[in-house]
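Here's the structure, in structure tokens; my notes come after.
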């Protein structure tokens, strides 16, 4: 549910947020937490401008209208994307099994302007060895081939494992929480500033913070996928794939790979940004696609921006789609 702020009450909320931020450092919410080896970074309450200006390089129409968002309670967000090792611990399953599920999935998804199965989009036969659909199996690599339902189930199991603080739950972050945490108090296209996109897969500033289609082949070793036919690539050719989490610089709140490596599921159904000012938005009440954020190792440069928005049916699994976990206020419904 999205709650509009009355104009004559906005200054009261702003004062409360300033006061809350001042006390955040003194509260238990300012301390990192850990569960099953998953480290969660503290994120203070605050407000930010969600979306991007039309003048931003890579801007897309659904990033407008820009919306003033206030998040009135602090939360935590996992420092890294969920890894294959943690997935195996919590779900008692492997990435190889998830690849089998993808190959068996006969559902049709809108991919590249055409409705087709994921395996058809990627050129896989239904009965191939699932080993051909994965890169390396390593505990420090991000988990992928995970759909939204499975990511939500992962979070549910964390709640079963360890009772969260009162009023909080382990869950997927809302889209607003995700963008707020990604920006970490900054206002540019990325958390290190604005982005100059020279071509579809060429934005040199991303080298410091993100694995994206332009650089994901640099220094890559092990099983991967060829990139020789990727046009406009910053570093032409080579094999590429997901990289060990934490390999690039974090943002100022200690979060790694918020941009690039693998895309991340969010809680919300996909819909238009509301505009104006809102408090603790959670997206539309219903829909047919869930929000995806962050870009990945095979996505173009415009995807590796704090405001970039993507979406997919909840059942979709993909080779660059994973998630991270929030410990955040319980949501209604």
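In the working numbering, the protein residues as written are 20 to 352. From the three backbone atoms N, C-alpha and C, an ideal C-beta is built for every residue, glycine too. Model, not experiment: these values are computed from the prediction.
1) Have a look at residue 86 and residue 191 and give me their C-alpha separation to the nearest angstrom.
2) To which residues of the same chain is residue 119 closer than 7 Å at the C-beta, ignoring the five residues directly before and after it?
3) Sort 79, 229, 122 by Cα distance to residue 278 and report the nearest one.
4) Write down the C-beta distance between residue 328 and residue 312 rounded to the nearest angstrom, noting that I regard them as a contact closer than 8 Å.
5) Start and end of the alpha helix (DSSP H) containing residue 104?
6) Residue 261 and residue 316 look like a contact to me (Cβ under 8 Å); what is the Cβ gap, rounded to whole Å?
7) Taking the alpha-carbon of residue 314 as reference, which of 273, 235, 239, 135 has the nearest alpha-carbon?
8) Give me the Cβ distance between residue 246 and residue 259, rounded to the nearest whole Å; I'm assuming they're in contact under 8 Å.
9) Among 340, 349, 347, which one has its Cα closest to the Cα of residue 166?
10) In this structure, does DSSP put residue 67 in helix, strand or coil?
11) Helix, strand or coil for residue 92 per DSSP?
12) Around the C-beta of residue 215, are 16 or more other C-beta atoms found within 10 angstroms, so that it is buried, or is it exposed?
13) Spell out a yes or no on whether the region 91-106 and the region 123-142 are touching, meaning 3 or more CB-CB pairs, one atom from each, closer than 8 Å.
14) Roughly how many whole angstroms lie between the Cα atoms of residue 237 and residue 59?
15) Quick check on residue 44: does DSSP put it in helix, strand or coil?
16) For residue 263, which three-state DSSP category applies?
17) Please classify residue 348: does DSSP put it in a helix, a strand, or coil?
18) Tell me the DSSP secondary structure of residue 221 in three-state form.
19) Give me, in chain order, the residues of the same chain whose beta-carbon lies closer than 8 Å to that of residue 125; leave out the 5 immediate sequence neighbours on both sides.
20) Once the 5 residues before and after residue 147 are set aside, which same chain residues still bring their CB inside 8 Å of it?
21) Keeping to the same chain, check which residues put their C-beta closer than 7 Å to that of residue 303; ignore five residues upstream and five downstream.
22) Throw me the rounded Cβ distance for the residue 344 and residue 189 pair, which I believe falls under 8 Å.
23) Tell me the residue span of the beta strand (DSSP E) that contains residue 287.
Taking the definition as stated:
1) For the purposes of this step, residue 86 is taken as the residue at position 67 of the chain shown. For the purposes of this step, residue 191 is taken as the residue at position 172 of the chain shown. Rounded to the nearest angstrom, the two C-alpha atoms are 21 Å apart.
2) Working through the chain shown from its first residue, we reach residue 119 at position 100. Closer than 7 Å at Cβ, skipping near neighbours: 149.
3) Taking the chain shown and counting its residues from 1, one reaches residue 278 at position 259. For residue 278, the nearest C-alpha among the options comes from 229.
4) If you number the chain shown from 1, residue 328 lands on position 309. If you number the chain shown from 1, residue 312 lands on position 293. Confirmed, Cβ separation roughly 7 Å.
5) The residue you call residue 104 lines up with position 85 of the chain shown. From DSSP, the alpha helix (DSSP H) with residue 104 extends over 103-110.
6) The count along the chain shown starts at 1 and reaches residue 261 at position 242. The count along the chain shown starts at 1 and reaches residue 316 at position 297. Rounded, the Cβ-Cβ distance is 6 Å, consistent with contact.
7) The count along the chain shown starts at 1 and reaches residue 314 at position 295. Closest option to residue 314, Cα to Cα, is 235.
8) Here residue 246 refers to the residue found at position 227 of the chain shown. Here residue 259 refers to the residue found at position 240 of the chain shown. Contact holds; Cβ gap of about 5 Å.
9) Along the chain shown, one-based indexing puts residue 166 at 147. Residue 166 has its Cα closest to that of 340, out of 340, 349, 347.
10) Counting from 1 along the chain shown, the entry for residue 67 is found at position 48. If DSSP states are grouped into helix, strand and coil, residue 67 belongs with the strands.
11) Here residue 92 corresponds to residue number 73 of the chain shown, with the count starting at 1. In this structure, residue 92 counts as coil in the three-state DSSP scheme.
12) Working through the chain shown from its first residue, we reach residue 215 at position 196. Residue 215 should be labelled exposed.
13) no
14) Here residue 237 refers to the residue found at position 218 of the chain shown. Here residue 59 refers to the residue found at position 40 of the chain shown. If I take the Cα positions, the gap works out to 29 Å.
15) The residue given as residue 44 occupies position 25 in the chain shown. Residue placement at residue 44 is poorly supported in this model, since its pLDDT is 42, which falls under 50; the coordinates still yield a value, given next. It is coil, neither helix nor strand.
16) For this step, residue 263 is matched to residue 244 along the chain shown. Residue 263: coil per DSSP, three-state reduction.
17) Counting from 1 along the chain shown, the entry for residue 348 is found at position 329. The answer is strand: DSSP assigns residue 348 an E or B state.
18) Residue numbering aside, residue 221 sits at position 202 when the chain shown is read from its first letter. Strand at residue 221.
19) Against the chain shown, residue 125 aligns to sequence position 106. Closer than 8 Å at the Cβ level, and outside the excluded window around residue 125, lie 136.
20) Taking the chain shown and counting its residues from 1, one reaches residue 147 at position 128. Counting only Cβ-Cβ distances below 8 Å, and skipping sequence neighbours, we find 122.
21) Translated into positions along the chain shown, residue 303 becomes position 284. Excluding sequence neighbours, residue 303 sits near 288, 290.
22) In the chain shown, counting from the first residue as 1, residue 344 sits at position 325. In the chain shown, counting from the first residue as 1, residue 189 sits at position 170. The Cβ separation is near 6 Å, so the contact holds.
23) One-based indexing of the chain shown puts residue 287 at position 268. First-last of the beta strand (DSSP E) with residue 287: 282-288.
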